[in-house]
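Asker:
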Amino acid sequence: MENIKNLIPIGFLLPFLIIILIEILAVYVLGTFETSLNNQIVAIEETIKRKEEEVIKKLTDNESFVVFSQMVNIIEILKNRNLASVVIDKFNSLMPKFLMIEKFEFDNKKQEINFTANVSNLIDYVRFLSYLNNQLTFELKSITPPEISKESGTVSFSVIIKLKPDFYK
Numbered sequence: 000m001e002n003i004k005n006l007i008p009i010g011f012l013l014p015f016l017i018i019i020l021i022e023i024l025a026v027y028v029l030g031t032f033e034t035s036l037n038n039q040i041v042a043i044e045e046t047i048k049r050k051e052e053e054v055i056k057k058l059t060d061n062e063s064f065v066v067f068s069q070m071v072n073i074i075e076i077l078k079n080r081n082l083a084s085v086v087i088d089k090f091n092s093l094m095p096k097f098l099m100i101e102k103f104e105f106d107n108k109k110q111e112i113n114f115t116a117n118v119s120n121l122i123d124y125v126r127f128l129s130y131l132n133n134q135l136t137f138e139l140k141s142i143t144p145p146e147i148s149k150e151s152g153t154v155s156f157s158v159i160i161k162l163k164p165d166f167y168k
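Under numbering that gives the first Met the number 0, the letters of the sequence shown match residues 0 to 168, in that order.
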């Protein structure tokens, strides 16, 4: 024992032991603090879920709320239907007559129209491209390369256009 004290002086070893003990204590305290916080989070989440379920149950039990929400949904559907009919009418009036639309989609949130169309030949396709590029009521977002049908000779393609505010005037 006397030889160990001579080899490693106690004054040199004691600070390291104190630091190690402090680190062990800090890890233990932080670990218990973390589990305590996790338990509190779980308890709060359960309380929130329970209160949400109570509110939803009260709302679904309330017949007037159900009727009101159905009426709001119907009004929104009618607004969107009216907007879609305006967009379709305006779109039909702006498109050239030689264009044959196969598929039509309107995204109200993005204010975009996506359609697939056919024209009878490549000359009409080029005329349609120049028409799209010169339009002020919408902006050409993307167009797929033309595909020429071997049987009929028609040119098929898809187009996405973004509507500008001038479109609705």
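The C-beta atom is built at its ideal place from N, Cα and C for all residues, glycine as well.
Residues in its own chain within less than 6 Å of Lys108 by CB, not counting five upstream and five downstream?
Answerer: Translated into positions along the sequence shown, residue 108 becomes position 109. Same-chain partners within the cutoff: there are none.
Asker: Less than 6 Å between C-beta atoms, sequence neighbours within five positions excluded: which residues of the same chain meet that for Ile112?
Answerer: Taking the first residue of the sequence shown as position 1, residue 112 is located at position 113. Excluding sequence neighbours, Ile112 sits near Phe105 and Ile160.
Asker: Using only CA atoms, which one of Ile73, Pro164 and Thr153 lies nearest to Glu101?
Answerer: On the sequence shown, position 102 is the one that residue 101 refers to. In this structure, Thr153 is the residue among Ile73, Pro164 and Thr153 with its C-alpha nearest to the C-alpha of Glu101.
Asker: Run the CB neighbour count on Ala116, radius 10 Å, all protein chains shown included, and call it buried at 16 or more, exposed below.
Answerer: Locating residue 116 in the sequence shown gives position 117, counting from the first residue. Burial check for Ala116: the Cβ neighbour count within 10 Å reaches 16 or more, so the residue is buried.
Asker: Could you give the C-beta distance for Glu138 and Lys168, rounded to a whole number, given that I count them as a contact under 8 Å?
Answerer: Counted from its first residue, the sequence shown places residue 138 at position 139. Counted from its first residue, the sequence shown places residue 168 at position 169. Contact between Glu138 and Lys168 does not hold, since their C-beta atoms are separated by about 16 Å, which reaches or exceeds 8 Å.
Asker: In this structure, does DSSP put Lys161 in helix, strand or coil?
Answerer: Walking along the sequence shown from the start, residue 161 turns up at place 162. Looking at Lys161 - three-state DSSP - the assignment turns out to be strand.
Asker: What is the DSSP secondary structure of Leu139, counted as helix, strand or coil?
Answerer: Here residue 139 is taken as the residue at index 140 of the sequence shown, counted from 1. In the three-state reduction of the DSSP assignment, Leu139 falls in the strand class, which pools E and B.
Asker: Here's a check: name, in chain order, each residue in its chain whose Cβ is nearer than 6 Å to the Cβ of Val65, leaving out the five neighbours to either side.
Answerer: Translated into the one-based positions of the sequence shown, residue 65 becomes position 66. Excluding residues up to 5 positions away in sequence, nothing lies with its Cβ nearer than 6 Å to the Cβ of Val65 in the same chain.
Asker: Count the other CB atoms, across all protein chains shown, that sit within 10 Å of the CB of Phe127; report buried if there are 16 or more and exposed otherwise.
Answerer: One-based indexing of the sequence shown puts residue 127 at position 128. Phe127 should be labelled buried.
Asker: How is the alpha helix (DSSP H) around Phe11 delimited, first residue to last?
Answerer: Along the sequence shown, one-based indexing puts residue 11 at 12. That run of the alpha helix (DSSP H) goes Ile9 to Asp60.
Asker: Throw me the rounded Cβ distance for the Phe97 and Val125 pair, which I believe falls under 8 Å.
Answerer: What you label residue 97 is simply residue 98 of the sequence shown in a count that begins at 1. What you label residue 125 is simply residue 126 of the sequence shown in a count that begins at 1. In fact, because the Cβ distance is near 12 Å, the residues do not count as touching under 8 Å.
Asker: Compute the beta-carbon to beta-carbon distance between Thr143 and Ser129, rounded to the nearest angstrom, for a pair I have assumed lies under 8 Å.
Answerer: Counting from 1 along the sequence shown, the entry for residue 143 is found at position 144. Counting from 1 along the sequence shown, the entry for residue 129 is found at position 130. Incorrect: roughly 17 Å between the Cβ atoms, too far for contact.
Asker: Return helix, strand or coil for Phe97, following the three-state DSSP convention.
Answerer: The residue labelled residue 97 in the question sits at position 98 within the sequence shown. It is coil, neither helix nor strand.
Asker: What are the partner residues of Lys102, as DSSP defines its beta bridges?
Answerer: As a first step, residue 102 must be located in the sequence shown, where it is residue number 103. Answer is Thr115.
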